[in-house]
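Numbering (the working numbering), first residue to last: 1 to 295. For each residue, glycine too, the CB sits at the ideal point set by N, CA and C. All remarks here apply to the structure that follows.
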């Protein structure tokens, strides 16, 4: 068993296609097939099962995924930390909540690239219900999330900062004429909300339920850009993180409504697996994040 076989295995698990995985990795399909065959022979089990034209992981393949991701994580750490050069190189896999990408993250990445030009940060968007396991199995090195405080065994919180959730509407919306709003003011108001698996949506709907308000949900989407465009066009009131609408508020395309109802407590949080070695590249990212947060 070698690292190349594990990389190929994970790429097939991701793409669900031997040919596609080979093209991405630069291998001929015969090489991909031989790598997986060798891995299966060594482990004494099938890792993939063909169902018609589809490829799915067997139960044994699912078990191997977690171990393979940890092995690749160790490989990344080796290249970041072991070489004697004062300039680390390698890959850091960062999972982020979409809201973080509107303002702060691009600035941090620009600074980081100047300090560590040989370190590649690969970014993927994360969901609150899946990123903890991705940290634990090595699919992610770091997670920067916007959520209620995450308290889960096996995870280490490096830093947190209180953030805000808010309601946004077109300046022409009737609610903008009010000095402040509360739960009762949202009765019969079309609401523009994040998707079903989002904590923000659950927090608001639970609050309205306690207040005896039946919500009128006009739109549900994971895209903050879509929520903002619907609000700008007077199709409802959007409920989202404040940081996602800074630009639109500044240009007066949207107005933030002053909320006097239930406090929605959320934090931006930088999280790693508790067993993760925090080397210089990750420490640098953390310090840059703290610096931006102070601005």
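- Kindly indicate which three-state DSSP category residue 148 falls into: helix, strand or coil? For the purposes of this step, residue 148 is taken as residue 148 along the chain shown, with counting starting at 1. For residue 148, the three-state secondary structure derived from DSSP is coil.
- Message: Please report the distance separating the alpha-carbon of residue 104 from that of residue 266.
- Response: Along the chain shown, read from residue 1 onward, the residue named residue 104 stands at position 104. Along the chain shown, read from residue 1 onward, the residue named residue 266 stands at position 266. Spanning the two alpha carbons is a distance of roughly 17 angstroms.
- Query: Can you round the beta-carbon distance between residue 261 and residue 198 to whole angstroms, since I take them to be within the 8 angstroms contact cut?
  - Reply: If you number the chain shown from 1, residue 261 lands on position 261. If you number the chain shown from 1, residue 198 lands on position 198. That belief does not hold up - the Cβ atoms of residue 261 and residue 198 are roughly 19 angstroms apart, past 8 angstroms.
- So residue 269 is in the beta strand (DSSP E); what residue range does that whole segment cover? Locating residue 269 in the chain shown gives position 269, counting from the first residue. Per DSSP, residue 269 belongs to the beta strand (DSSP E) from 266-273.
- Just mark residue 206 as buried or exposed, buried being the case when its beta carbon has 16 or more other beta carbons within 10 Å. On the chain shown, position 206 is the one that residue 206 refers to. If you draw a 10 Å sphere on the C-beta of residue 206, you find fewer than 16 other C-beta atoms in it, and that means exposed.
- Message: Is the beta carbon of residue 121 closer than 7 angstroms to that of residue 158?
- Response: The residue given as residue 158 occupies position 158 in the chain shown. The residue given as residue 121 occupies position 121 in the chain shown. In this structure, the beta-carbon distance from residue 158 to residue 121 does not fall below 7 angstroms.
- Message: If the criterion is Cβ atoms closer than 7 angstroms, does the pair residue 248 and residue 228 meet it?
- Response: Walking along the chain shown from the start, residue 248 turns up at place 248. Walking along the chain shown from the start, residue 228 turns up at place 228. Yes; because the gap between Cβ atoms is below 7 angstroms, this pair is in contact.
- Item | Among 30, 194, 144, 185, the one whose alpha carbon lies nearest that of residue 165 | Numbered from 1 along the chain shown, position 165 holds the residue referred to as residue 165. Among 30, 194, 144, 185, the Cα nearest to that of residue 165 belongs to 194.
- Roughly how many angstroms lie between the CA atoms of residue 5 and residue 175, to the nearest whole one? Here residue 5 corresponds to residue number 5 of the chain shown, with the count starting at 1. Here residue 175 corresponds to residue number 175 of the chain shown, with the count starting at 1. Note on geometry: alpha-carbon atoms of residue 5 and residue 175 lie some 59 angstroms from one another.
- Who does residue 90 pair with in a DSSP beta bridge? As a first step, residue 90 is located in the chain shown; it is residue number 90 there, counting from the start. In DSSP, residue 90 forms a bridge with 119.
- Task: Take the Cβ of residue 2 as the centre, count every other Cβ of all protein chains shown within 10 Å, and call the residue buried at 16 or more, exposed below.
- Result: Looking up residue 2 in the chain shown gives position 2. Residue 2 is exposed by the Cβ-count criterion.
- To the nearest angstrom, how far is it from the Cα of residue 259 to the Cα of residue 272? Within the chain shown, numbered from 1, the residue matching residue 259 stands at position 259. Within the chain shown, numbered from 1, the residue matching residue 272 stands at position 272. Cα-Cα distance, rounded: 33 angstroms.
- If residue 239 sits next to residue 191, beta carbons under 8 angstroms apart, how far is it from one beta carbon to the other, in whole angstroms? Translated into the one-based positions of the chain shown, residue 239 becomes position 239. Translated into the one-based positions of the chain shown, residue 191 becomes position 191. With a Cβ gap of about 6 angstroms, residue 239 and residue 191 count as contacting.
- Quick one: complete alpha helix (DSSP H) runs, 4+ long, within the segment 174-246? DSSP runs (the alpha helix (DSSP H)) wholly in the segment 174-246: 199-210, 224-232.
- Excluding five sequence neighbours on each side, which residues of the same chain lie with their C-beta closer than 7 angstroms to the C-beta of residue 146? Here residue 146 refers to the residue found at position 146 of the chain shown. Correct list, in chain order: 97, 99, 100, 163, 241, 266, 268.
- Query: residue 49: which of 58, 41, 42 sits nearest, CA to CA?
  - Reply: One-based indexing of the chain shown puts residue 49 at position 49. Of the listed residues, the one whose Cα sits closest to residue 49 is 58.
- Message: According to DSSP, simplified to helix, strand and coil, what is residue 99?
- Response: Locating residue 99 in the chain shown gives position 99, counting from the first residue. Three-state result, residue 99: helix.
- Task: For residue 201, collect the residues of the same chain with a Cβ closer than 8 angstroms to its Cβ; drop the 5 residues on either side in sequence, then sort them by chain order.
- Result: Position 201 of the chain shown, counting from 1, holds the residue named residue 201. Within the same chain, residue 201 has close Cβ partners 193, 194, 195, 220, 239.
- Task: Give the DSSP-derived three-state secondary structure of residue 153 in the structure shown.
- Result: Residue 153 sits at position 153 when you count from the first residue of the chain shown. Three-state result, residue 153: coil.
- Query: Hey, residue 256 and residue 125 are a contact pair by Cβ (cut 8 angstroms); roughly how many whole angstroms apart?
  - Reply: Along the chain shown, read from residue 1 onward, the residue named residue 256 stands at position 256. Along the chain shown, read from residue 1 onward, the residue named residue 125 stands at position 125. Not quite, the Cβ-Cβ distance comes to about 24 angstroms (not below 8 angstroms), so this is no contact.
- Task: Could you tell me which of 290, 285, 225, 254 sits nearest to residue 160, measuring between CA atoms?
- Result: Position 160 of the chain shown, counted from the first residue, corresponds to residue 160. Ranking the options by Cα distance to residue 160, first place goes to 290.
- Task: Within 10 angstroms of the Cβ of residue 76, are there 16 or more other Cβ atoms? Answer buried if so, exposed if not.
- Result: As a working mapping, residue 76 is identified with position 76 in the chain shown. Buried: at least 16 other Cβ atoms inside 10 Å.
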